[in-house]
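Novice: What the sequence shown shows, in this note's numbering, is residues 1 to 785, in sequence order. Every residue gets a Cβ at the ideal spot worked out from N, C-alpha and C, and that includes glycine. Here the structure is a predicted model, which means the values were calculated and not measured. Pasting a structure below so you can have a look.
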Amino acid sequence: MRTSRFDLPLSYDAGDLGLRVGDVVRVSLGKRDVVGYIVSAPRQQLSGERQLKPVLEHLDVPRAFDEEALHLAKFVADRYICTLGEALGAAVLAGAVPHVRETLHRSPEPPDPERFSGVPQRLIELIWRDLPPETPLPQLLRHPEARRAGDRATLLRAIQQLVRGGALRRTREFVKPRTSEYRVRTLSLGSAAATGKKARALAEFVAETGSVPRADALLAGFSQAVIRRAVTLGVLIEEELAVRRSESPPIQLPDFESTPEQRVAIDRIAASLDAHTYDELLVHGVTGSGKTFVYIDAIARVLRGGGRAIVLVPEISLTPQTAQRFESAFGNRVAVLHSALSERERFDAWQACVAGDIDVVVGARSAVFAPLENVKLLVVDESHESSYKQDTVPRYHAVAVARERMRATGGVLVLGSATPSVESYAAARAGRIALIEMHERATRLPLPAVRIVDLAEEFGADRHRVFSTPLLQGIRERLGRREKTVLFVNRRGSGAFVLCRSCGEVPRCPRCTVSLAAHGGEKLLRCHYCDFQMRVPEVCTNCGAPDLHEYGVGTERVVEEVRSLFPQAHVVRMDSDTTTHVGDHARILTEFAERGDVLVGTQMVAKGLDFPTVTLAAVVAADIGLNAPDFRGSERSFSVIAQLCGRSGRARAGEAIVQTFSPEHPAIVAAAAHDYEGFANAELEQRAAAGFPPSRRLVYLGVISRDQKLALSTARKYAGLLNSIEGTDVLGPAPYPIARLNREWRYRLAILTLKPALVRAAIRERVIPVAHADTHTRLAINVDP
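This is the structure in structure tokens:
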């Protein structure tokens, strides 16, 4: 039983409703009716127990979760120190949960302002003059005029005052999700001829396979407007097709012969599957070694045996090409969950899993909770990716949840990566998990030769240049041979910051302790954390001098330099500023494939790209992030450099260039030599010496408040509550790497321990009750960051 009352289940009288785990019910809580989940099997009430309130209604909606999902939620709650309700929030699809719709009904005449002196007059005028007689509460709270009348708390207090006075009536009703059979909105060719470049491209995309899901067309970069117009003009036909497992086509494996290393990997995974017991394997395969083919073969084996499979991929990799590989093999047996799906389509796919109409789920982090029965194989592709760790409550890691899911059901977990996390490599080296290595590319081509360029020697005192002589020459040669180049720089914008060379002033964000990044194309200075923006000043705001200059390099600056030096080149940019809508990734990559010469981008260009004519990949500024205040800084730098270099020479001989002011840094030297083993061994030695994972477990305990002194003093108090745990060091408090974020000050403790269970118990028993009583600070717990 939890020590915090907020994590206790509540007992009700189920009567003869025949409830089971995961059923959704309506119950009375205080003076309100709320929606709840059944989290344990009904039991007989013991004599002498107090009378329980009855369950008011078993809602006629799909079961929210089963016993397996409840087990995973309990695992998440315990491992990541959150409530069971918060953990279930990750396991339950939001669209499947009934929600309460609150509506405000106004009186015929507006109230007397003198009677309601505490209610802003602006709010009264809005409700009785501009809004309909019945208005949903969320709609009112979002209205711009309401926001000008006060913040959310002020508005709710004013509304409550109007309700008590009889001027408003507030009603609540439960809205149930609609349920239907699993249908996919599908596009096929119509009778009309396509006119216009975009319409023709869309028609060609659909014609490749005869029909495609509408969501795949969106993900491929075709906008809603383009699709809608093509359907209206008869170029395409749109229809909803029901998906039933009984109609599933036979499995179609890719038509090419496996390499010897692929065959070894296939046979080793097959042996684990045939043993019918839990096993975990790490597939360490270099970029282009054909790991996806190995996954597909293993999934086919599972399906032939009557089992099911889940494949997790980083969202950024979930392109139409990725989806198509699985859909080509398994047809409508597979549900691909991605950001282009509507909430309705996602809900239908989820329910199809429950009904047994789906055998394979491919999706990002949350797909680890997919409600499939009899899952025998769970694959985590690019398992080193940080996107598998959720950064909001519950802060679970999908790899850990996948491991627990397979351990509990006796399935097989496969982790795949060209640059595995050092934790998984350490487990493989210690023999706790199996290691499968694939050193050669499926094309038999060698990995590209990598050249390290010392920028200190290359640039000398001229630090305003972007490209070294070798990189300029490499780009020029590719343009001459009609080959492609990928340039990576891990910063968007045109510069890291703007500095006044007269007084040294750097414009900073008024809400965060960071400098404002320059975005020259928009003539803006922008905070990349809270999105505060201001125009680039013409003169220094401190001394008035016109001597303002950009420093550092970002994607915008690199694009400008390439276009200036090579005006004949078609340059494409790919970063979070150019990929704000669903399908933007595919649209940009299609442009690069068809007519691009140079692709400039952030981390998203370092993974998942497979273009046969890319023969040069370059890291423009390898030092960005290399010395970040994070014990994983070197590992992440190694990974992104190695992955980026792997984009080159996948179908013909290629090379890579790494520009850096730290040419002897171990991460850069090892990445250039394609020496993962050497890097990982050295990194593990350094981690062990410092006591960082995997030699010890790490928990960050953060305290956040608008009052800086209060945040610091509270963090010190929590440190005192935790400093006597066996086998544990409590370090700090120290400021977060960004100490102030969106007007809130942030301090944290670093807890390094050999006894993680003791630490979790101590946080629950000693810290959380104190934190719940403190209304002026927030507690942020991050286990295994």
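#1: What whole-angstrom Cβ distance do L282 and L415 have, given they're in contact under 8 Å?
#2: Could you tell me whether the Cβ atoms of G720 and R748 are closer together than 8 Å?
#3: Closer than 8 Å is the cut-off here; do at least three beta carbon pairs connect the stretch 568-587 with the stretch 597-609?
#4: Quick check on this structure: which residue in G356, V163, H384, S386 has the alpha carbon closest to the alpha carbon of L372?
#5: For I768, does the three-state DSSP call read helix, strand or coil?
#6: Would you mind reading off the limits of the beta strand (DSSP E) that contains W128?
#7: In whole angstroms, what is the alpha-carbon distance linking T3 and L93?
#8: Between L447 and H674, is the Cβ-Cβ spacing less than 8 Å?
#9: Looking only at its chain, what residues have a beta carbon closer than 6 Å to the beta carbon of R185, apart from the 5 residues adjacent to it on each side?
#10: Rank T419, P260, A194, A517 by C-alpha distance to the C-alpha of T287 and give the top, closest one.
#11: Here's the rule: buried if 16 or more other CB atoms are within 10 angstroms of the residue's CB, otherwise exposed. What is K607?
#12: Below 8 Å, can you find three or more Cβ-Cβ pairs linking the stretch 361-368 to the stretch 43-57?
#13: Short of 6 Å in beta carbon distance, which residues of its chain neighbour N374, apart from the five on each side in sequence? Order them along the chain.
#14: How many Å lie between T195 and L219 at the Cα?
#15: Is it buried or exposed, R687, if we count other Cβ atoms within 10 angstroms and call 16 or more buried?
#16: Please classify L779: is it buried, with 16 or more other beta-carbons within 10 angstroms of its beta-carbon, or exposed?
#17: Give the single residue among E261, V640, R26 whose Cα lies nearest to the Cα of H439.
#18: Considering S211, what are the terminal residues of the alpha helix (DSSP H) in which it resides?
#19: By the three-class DSSP mapping on this structure, what secondary structure does K31 have?
#20: So within the stretch 235-289, which uninterrupted beta strand (DSSP E) runs reach at least 3 residues, ignoring any that extend past its ends?
#21: My understanding is that G596 touches K484, with C-beta atoms under 8 Å, so please give their C-beta distance in whole angstroms.
#22: Starting from Y747, follow its DSSP beta bridges and name the residues at the other end.
#23: Where does A370 sit, in a helix, a strand or coil, going by DSSP?
#24: Fully enclosed by the stretch 380-439, which beta strand (DSSP E) runs are 3 residues long or longer?
#25: I think C530 touches S502, with their Cβ atoms under 8 Å apart; what is that distance to the nearest whole Å?
#26: Per DSSP, what kind of secondary structure is K523 in: helix, strand or coil?
#27: Using a threshold of 8 Å, state whether the C-beta atoms of P394 and C645 are closer than that.
#28: For P120 and V100, what's the separation of their Cα atoms in angstroms?
#29: Measure the alpha-carbon distance for A682 versus T753 and round it to whole angstroms.
#30: Just to confirm before moving on: does the CB-CB distance between V620 and V553 stay below 8 Å?
#31: Looking at the secondary structure, which residues open and close the beta strand (DSSP E) in which A309 lies?
#32: Can a CB atom of chain B be found closer than 8 Å to the CB of G18?
#33: Given 8 Å as the limit, is there contact between the stretch 641-657 and the stretch 490-502, that is, 3 or more CB pairs closer than that?
#34: Considering H71, what are the terminal residues of the alpha helix (DSSP H) in which it resides?
#35: Under 8 Å by Cβ, that's how I've got V498 and E560 pegged, so tell me the actual separation to the nearest angstrom.
#36: Given that a residue counts as buried once 16 or more other Cβ atoms are within 10 Å of its Cβ, and exposed if not, what is P111?
Specialist: Looking at the atomic coordinates:
#1: 5 Å
#2: no
#3: yes
#4: G356
#5: helix
#6: It is not in any beta strand (DSSP E) - W128 carries neither H nor E in the DSSP assignment.
#7: Because T3 sits at a pLDDT of 32, beneath the cut-off of 50, its placement in the model cannot be relied upon, and the following sentence gives the value as read from the coordinates. Going by the C-alpha atoms only, they are around 28 Å apart.
#8: yes
#9: R214, E240
#10: T419
#11: buried
#12: no
#13: G307, R308
#14: 22 Å
#15: buried
#16: buried
#17: E261
#18: No alpha helix (DSSP H) holds S211; the beta strand (DSSP E) holding it covers 211-213.
#19: coil
#20: 236-242, 279-285
#21: 7 Å
#22: V703, P735
#23: coil
#24: 412-417, 434-438
#25: At roughly 28 Å, the Cβ-Cβ gap does not stay under 8 Å, so C530 and S502 are not in contact.
#26: coil
#27: no
#28: 27 Å
#29: 22 Å
#30: yes
#31: 308-312
#32: Protein chains in the displayed structure number just one, and chain B is not present.
#33: no
#34: 67-79
#35: About 16 Å separates the two Cβ atoms, so there is no contact after all.
#36: buried
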